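Protein sequence lines, in the order shown, are assigned to chains P and S. Heads up: the first sequence runs through residues 31 to 424, numbered per our numbering. Heads up: the second sequence runs through residues 31 to 424, numbered per our numbering. Data block below; observations after.
There are 2 protein chains.
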Amino acid sequence: MPEPGPFTVTHTDGRARRGVLRTPHGVVQTPAFMPVGTAGAVKAVTHRDLLQLGAEIILANTYHLLLRPGDRLIGNAGGLHRFIGWSRPLLTDSGGYQVFSLAQRRSVSEEGVCFRSHLDGSPHLLTPEGATEAQARLGADVAMAFDECTPFPVTKEEALRSMELTTRWGRRARARFLELQAAGDDTAVTNRGQLQFGIVQGGVYPDLRERHAGETLATGFDGYAIGGLSVGEPVELMYEVAGRTAELLPAAGPRYLMGVGTPLDLVEMVGHGIDLFDCVLPTRNARNGQLFTSAGPINIRNARYGADEQPADPECGCYTCRQFSRAYLRHLCAANEITAATLGTLHNLHFYLDTMRRIGEAITFGSFATFRQRFHQQYSRRSHSTQGGAAQLQ
Amino acid sequence: MPEPGPFTVTHTDGRARRGVLRTPHGVVQTPAFMPVGTAGAVKAVTHRDLLQLGAEIILANTYHLLLRPGDRLIGNAGGLHRFIGWSRPLLTDSGGYQVFSLAQRRSVSEEGVCFRSHLDGSPHLLTPEGATEAQARLGADVAMAFDECTPFPVTKEEALRSMELTTRWGRRARARFLELQAAGDDTAVTNRGQLQFGIVQGGVYPDLRERHAGETLATGFDGYAIGGLSVGEPVELMYEVAGRTAELLPAAGPRYLMGVGTPLDLVEMVGHGIDLFDCVLPTRNARNGQLFTSAGPINIRNARYGADEQPADPECGCYTCRQFSRAYLRHLCAANEITAATLGTLHNLHFYLDTMRRIGEAITFGSFATFRQRFHQQYSRRSHSTQGGAAQLQ
């Protein structure tokens, strides 16, 4: 009998699944949303806030940590969990996405990517092996293979070239990962217990996605991610490509849709069999005053909320909505109070995490289709009424 | 038998006292430090953080709230407690200090102060009656009489002129306050249950302080504050003036030293019979990386902490010190993470509030003098070692 994998599907409802991902730092119930803790902190909240919110896993960015404070410093401190004081599961990305979106003067070769830090201009080389080793030093529960992420739009020729490079890089990343695992604790860098996910690219071209899914599965990882989406393409196209790609990934393994998305995206994509998500929307948008509510997003900076004594979302049970009015939240935003970012982030993360919990329950009861329909109806209400209200105010 | 006042001294130890201040929103155990919540929020933390830290009373600035979102808006929302969602005691200052330190193009007349908002340049007139009414609308548990705060240095002539104006303003503020109290709930503005403290000015001139204490007591308030200190004068002079002024204030009433100070100042001034303090130091300095510890202040941004796995203060039991290393806190500061401000503020406020609790216990056990001596010895240790370290690094 083969050793059981790290992932077990416990319930299915159509293509939607509920499952459990086992990691060295505990289990993650899926479908799960991972709050983004770029530099080792989810912006504007504390770890104890995240525990209270029920976050079971957070994501940190290898690129940022590599540049500051450095993966070696973190490794010497006992790894990322210990350095940042977070004892639940962690996922680190490969650095690939940020190298392409943030770094300066990058040049891509077969070996890897040369780039200059966006912080101080210092030169760096990131290779599939190097990204794997850096993530081993960080010691997250889940590491990602180094990939190249194409923008949108991109020609099919370019998408193909990039995808083939990602395949070769994925093989090298996996080989280095397995070497480290085989070496156990005998090497300077250990990745014992760590899982490594491969990333399927291919732009918005169905045949490339299909081919690259095959190549990535052939390399063989502990889980599979869909990358290169939510980079500017129309949302319907994203749904179609992600949905079709998800079908090509093993049903027995975890499927991770990287960098997605809005609450509607999450509901939609769970319906296509996705298990894991990460996105900066709930945290970043909170800092700009956008709050996600059961009736759609609102911008709490709007003057219409100046004397509004209702909670941000009357149907929400989070700390922010239990304790504070829209008028107070708007005031805090207007006064540029840091607490505005904290209260907004607490609410938005609660909304995301609670949505995932409700999705999970719906799957268990076989009522996901009904949940999805009602969620859409309710969530789209305010989008209309807000626009109407905004028009009236103008 | 006269009605008992709002304040009871429960223990004395030399001139240091322990007591209880009764307010409409509950009791405050003194000596107490009031975290500053300028615009209705203590910067970088949430109210639930403050409750966990054991803060029994916070201060809000009338000047800031008057300009944004407006005292009438807050009054219409049911008062400041309800507007900001804080159910424990609140103190509002009179606006006088900020009018002199922040507002633009101010002109002082017998009637009050004309000024322009530092936010949008809009013109405002603040009078003793107006400040009293604004604070009645805000509905804090403790309101302050409108005063003029002189800078340091100031001529005796100018200090005398200003002090006499503050006496006349104090009488008008008290008269309006008592009118509102007598009117009960029949007027548009009610201040039922609110306490009003008078402010003793007089610069650093002992005879002026003595004369003004007499004038302020003659007006008659529910408590007395010492204003106009910590505005640039040498700390020893501040101790001397505050100490001598405190002796002139009724032993049966609460004594509040406004805008003071460092941890050493608090210990020293409790020893001179002060009961209440407020200061932006623990919150503002946390946002700049300065952490107050039992061995003196440290600046966590310093490169020496880059790989330091100790907590900020090894003797501290706060969330920040229980969970995080200096290296992580320094990293968060370097990365400009909002969470750095939050964790630093949590620590500094814990240090201040815990120091006040320890002072209170020492007074109960009659060991305040020993406590004071040990606190000084321990707190001054790092001041030397830090300077030495800083010198080495330069």
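Ideal Cβ positions, reconstructed from N, Cα and C, are used throughout, including at glycine. On a predicted model such as this, the values are computed, not experimentally measured, just so you know.
Cα-Cα separation between residue i and residue j, rounded to whole angstroms
{"i": "cysteine 348 of chain S", "j": "alanine 364 of chain S", "result": "22 Å"}
{"i": "lysine 73 of chain S", "j": "cysteine 179 of chain S", "result": "25 Å"}
{"i": "leucine 379 of chain P", "j": "valine 75 of chain P", "result": "10 Å"}
{"i": "phenylalanine 182 of chain S", "j": "proline 264 of chain S", "result": "10 Å"}
{"i": "threonine 188 of chain P", "j": "proline 236 of chain P", "result": "In the sequence under discussion, the amino acid at residue 188 of chain P is glutamate, which differs from the threonine named in the question. Those two C-alpha atoms are separated by around 15 Å."}
{"i": "phenylalanine 145 of chain P", "j": "arginine 191 of chain P", "result": "20 Å"}
{"i": "histidine 94 of chain P", "j": "asparagine 91 of chain S", "result": "39 Å"}
{"i": "serine 260 of chain S", "j": "methionine 268 of chain S", "result": "7 Å"}
{"i": "glycine 419 of chain P", "j": "tyrosine 409 of chain S", "result": "Residue placement at glycine 419 of chain P is poorly supported in this model, since its pLDDT is 37, which falls under 50; the coordinates still yield a value, given next. When rounded, the distance between both Cα atoms is 57 Å."}
{"i": "glycine 160 of chain P", "j": "glycine 258 of chain P", "result": "21 Å"}
{"i": "glycine 262 of chain P", "j": "aspartate 305 of chain P", "result": "22 Å"}
{"i": "methionine 64 of chain P", "j": "proline 293 of chain P", "result": "13 Å"}
{"i": "glycine 228 of chain P", "j": "alanine 175 of chain P", "result": "5 Å"}
{"i": "glycine 214 of chain P", "j": "glycine 84 of chain S", "result": "48 Å"}
{"i": "arginine 331 of chain S", "j": "proline 99 of chain P", "result": "13 Å"}
{"i": "phenylalanine 113 of chain P", "j": "alanine 69 of chain S", "result": "34 Å"}
{"i": "asparagine 329 of chain P", "j": "glutamate 345 of chain P", "result": "17 Å"}
{"i": "leucine 321 of chain S", "j": "histidine 41 of chain P", "result": "50 Å"}
{"i": "leucine 132 of chain S", "j": "arginine 47 of chain P", "result": "58 Å"}
Boundaries of the alpha helix (DSSP H) in which residue i is found, first to last residue
{"i": "methionine 299 of chain S", "result": "293 to 300"}
{"i": "phenylalanine 354 of chain P", "result": "Run containing phenylalanine 354 of chain P: none; DSSP gives neither H nor E here."}
{"i": "aspartate 43 of chain S", "result": "Taken as a continuous stretch (DSSP letters only), aspartate 43 of chain S belongs to no alpha helix (DSSP H), being part of the beta strand (DSSP E) at 37 to 43."}
{"i": "threonine 197 of chain S", "result": "186 to 213"}
{"i": "asparagine 106 of chain P", "result": "101 to 106"}
{"i": "histidine 94 of chain P", "result": "92 to 97"}
{"i": "glycine 273 of chain P", "result": "265 to 278"}
{"i": "phenylalanine 381 of chain P", "result": "368 to 394"}
Cβ-based neighbour list, residue i, same chain, cut-off 7 Å, excluding 5 preceding and 5 following
{"i": "leucine 97 of chain P", "result": "Ser147 and Leu149"}
{"i": "arginine 402 of chain P", "result": "Val297 and Gly301"}
{"i": "valine 310 of chain S", "result": "Val66"}
{"i": "tyrosine 127 of chain S", "result": "Cys179"}
{"i": "histidine 77 of chain S", "result": "Gly115 and Trp116"}
{"i": "aspartate 101 of chain S", "result": "Leu95, Ala164, Arg167 and Leu168"}
{"i": "glutamine 59 of chain S", "result": "Val50, Glu86 and Gly390"}
Chain-order list of residues whose beta-carbon lies under 6 Å from that of residue i (same chain, five-residue window excluded)
{"i": "glutamine 417 of chain S", "result": "Low confidence applies to glutamine 417 of chain S: its pLDDT is 40, below 50, so where it sits in the model is not reliable, and the reading given next is rough at best. Counting only Cβ-Cβ distances below 6 Å, and skipping sequence neighbours, we find nothing."}
{"i": "serine 355 of chain P", "result": "Glu339"}
{"i": "leucine 279 of chain S", "result": "Tyr254 and Arg285"}
{"i": "aspartate 343 of chain S", "result": "Thr323, Ser324 and Cys351"}
{"i": "proline 312 of chain S", "result": "Asn378, Leu379 and Tyr382"}
{"i": "arginine 316 of chain S", "result": "The sequence given here places alanine at residue 316 of chain S; arginine does not occur at that position. Here the set comprises Gly374, Thr375 and Asn378."}
{"i": "threonine 369 of chain P", "result": "Leu362"}
{"i": "phenylalanine 130 of chain S", "result": "Cys179"}
{"i": "alanine 421 of chain P", "result": "Residue confidence is low: alanine 421 of chain P scores 33 on pLDDT, short of 50, so the model does not pin down where it sits. No coordinate-derived value is stated."}
{"i": "valine 57 of chain S", "result": "Val50"}
Unbroken beta strand (DSSP E) run spanning residue i, endpoints
{"i": "threonine 76 of chain S", "result": "Unbroken run through threonine 76 of chain S: none, as it is neither H nor E."}
{"i": "methionine 174 of chain P", "result": "172 to 174"}
{"i": "threonine 323 of chain P", "result": "320 to 323"}
{"i": "aspartate 308 of chain P", "result": "306 to 308"}
{"i": "proline 54 of chain S", "result": "Neither: proline 54 of chain S is in no beta strand (DSSP E) and is coded neither H nor E."}
{"i": "asparagine 315 of chain P", "result": "Asparagine 315 of chain P -> not in any beta strand (DSSP E); alpha helix (DSSP H) instead, spanning 311 to 317."}
{"i": "proline 65 of chain S", "result": "First-last for proline 65 of chain S: undefined, no H or E at that position."}
{"i": "arginine 241 of chain S", "result": "Looking at the DSSP string, arginine 241 of chain S is not in any beta strand (DSSP E); the run it does join, the alpha helix (DSSP H), is 236 to 249."}
{"i": "proline 344 of chain P", "result": "Premise fails: proline 344 of chain P is in no beta strand (DSSP E) and is neither H nor E."}
{"i": "isoleucine 256 of chain S", "result": "253 to 256"}
{"i": "tyrosine 286 of chain P", "result": "285 to 287"}
{"i": "phenylalanine 227 of chain P", "result": "225 to 230"}
Contacts around residue i, its chain only, beta-carbon distance under 8 Å, and the 5 residues preceding and following it disregarded
{"i": "aspartate 171 of chain P", "result": "Thr53, Pro54, His55, Ile87, Pro119, Leu120, Leu121, Gly223, Gln224 and Leu225"}
{"i": "alanine 282 of chain P", "result": "Gly35, Phe37 and Val39"}
{"i": "valine 219 of chain P", "result": "Gly105, Glu163, Ala166, Arg167 and Leu210"}
{"i": "glutamate 141 of chain S", "result": "Leu155 and Thr157"}
{"i": "threonine 400 of chain S", "result": "Ala392"}
{"i": "alanine 62 of chain P", "result": "Leu51, Glu86, Ile87, Asp305, Leu306, Phe307 and Met386"}
is_contact[residue i, chain A] using C-beta, thresh 8 Å
{"i": "histidine 148 of chain S", "result": "Of the protein chains in this structure, namely P and S, none is chain A."}
The region 332 to 345 of chain P in contact with the region 100 to 113 of chain S per 3-pair CB rule at 8 Å: yes
At least 3 beta-carbon pairs within less than 8 Å: the region 383 to 390 of chain P vs the region 148 to 163 of chain S: no
Contact the region 200 to 214 of chain S vs the region 243 to 252 of chain S: 3+ CB pairs below 8 Å: yes
Ranges of the beta strand (DSSP E) found wholly within the region 109 to 160 of chain P, counting only runs of at least 3: If you keep only unbroken beta strand (DSSP E) runs of at least 3 residues inside the region 109 to 160 of chain P, you get 120 to 122, 134 to 138, 143 to 146 and 153 to 156.
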